[in-house]
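**Q** Handing you this structure, nothing more for now.
Protein chains: 2
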Amino acid sequence: MDSNKKFLNGTLNTIVLALLKDNGKMYGYEICQKAKTKTDNSILLTEGAIYPTLHRLEKEGLIISSKEKVNGRTRKYYSINVSSIQEVNSQIHLLSQFTGHLRALLNLST
Amino acid sequence: MDSNKKFLNGTLNTIVLALLKDNGKMYGYEICQKAKTKTDNSILLTEGAIYPTLHRLEKEGLIISSKEKVNGRTRKYYSINVSSIQEVNSQIHLLSQFTGHLRALLNLST
DNA sequence: AAATATACATAAGACTATTATGTATCGGCC
DNA sequence: GGCCGATACATAATAGTCTTATGTATATTT
Chain X
260 MDSNKKFLNG TLNTIVLALL KDNGKMYGYE ICQKAKTKTD NSILLTEGAI
310 YPTLHRLEKE GLIISSKEKV NGRTRKYYSI NVSSIQEVNS QIHLLSQFTG
360 HLRALLNLST
Chain B
260 MDSNKKFLNG TLNTIVLALL KDNGKMYGYE ICQKAKTKTD NSILLTEGAI
310 YPTLHRLEKE GLIISSKEKV NGRTRKYYSI NVSSIQEVNS QIHLLSQFTG
360 HLRALLNLST
């Protein structure tokens, strides 16, 4: 059920970018929940993976963060850096192409 | 163009199994060529990745090998171990599901 | 004769995810 | 009132896979 784990490698970066692009702004915990609910509990992002990924993407300048206190708990919201939107689109497009190629190799019609 | 590289991680195992299942028996170099031609020169498997993968899969008992001398060059042919066909099908199915979930996250219709 | 394609193999290094651990607040339950 | 689960962040040690580089060897093309 959660054997998807081993496939995640390399795609997590782009998954995060795609979710942020769609949802405007999100925080780490929320991204994990979204991925989980959108994939029937199949893609389960762990904290040890998501937070380093967010830090990495911010360091690279693709996303920006801002802290907010909500209900007493601190949330760190991330959103796409507008000046990097082309690069983000490019990365999403590449992953999209890759899934297509994968499906061709697996003989999946669509 | 070959930025698919970073997405490959974790999926190579299953790609190899899928190709072997479709083509009966193949050798390492042939697998690389097949992946390349079937994906418009996008998925380029390197020798440093393919050979360790084949050795790993054989060690796990999912595939079996036999050496043949063809035109003066030695080829090591691999094929699915018939007694592991269920496990192979299962792994291919999991990757297939994963690509579906990925496409859902990327908002790709198909 | 030299370069390219074929065909295998392995080692060093980089990168990413898993697992484990730590901190802290909030809400529900008994 | 105290405990547990959910929320929310973070980091370190470890494992695993891929890239890059290197090596060997034969056949074909230029």
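The listed protein sequences correspond, in order, to chains X and B.
Numbers in this note's numbering are just positions in the first sequence, counted from 1, shifted up by 259.
Numbers in this note's numbering are just positions in the second sequence, counted from 1, shifted up by 259.
Each residue gets a CB set at the ideal place from its N, CA and C atoms; glycine is no exception.
Using 8 angstroms as the limit for Cβ to Cβ distance, is residue 270 of chain X near chain B?
**A** Closer than 8 angstroms to some Cβ of chain B, the Cβ of residue 270 of chain X qualifies, so yes.
**Q** The segment 300-328 of chain B: which residues have C-beta closer than 8 angstroms to a C-beta of chain X, in chain order?
**A** The residues in question are 301, 302.
**Q** Relative to the C-alpha of residue 315 of chain B, which residue among B:365, B:275, B:364, B:267 is closest?
**A** Per the Cα distances, B:275.
**Q** Verify whether the separation of the beta carbon atoms of residue 294 of chain B and residue 302 of chain B is less than 8 angstroms.
**A** Yes.
**Q** Closest Cβ-Cβ distance between residue 358 of chain B and chain X: below 8 angstroms?
**A** Yes - at least one Cβ of chain X is within 8 angstroms of the one on residue 358 of chain B.
**Q** Do the segment 328-343 of chain X and the segment 358-369 of chain X touch if we need at least three Cβ pairs shorter than 8 angstroms?
**A** No, they do not touch.
**Q** Any idea which residues DSSP pairs residue 284 of chain X with across the strands?
**A** Paired residues: X:338.
**Q** Could you tell me whether the segment 280-295 of chain X touches the segment 274-290 of chain B, where touching means 3 or more Cβ pairs closer than 8 angstroms?
**A** Touching, no, given that fewer than three Cβ pairs across the two stretches are closer than 8 angstroms.
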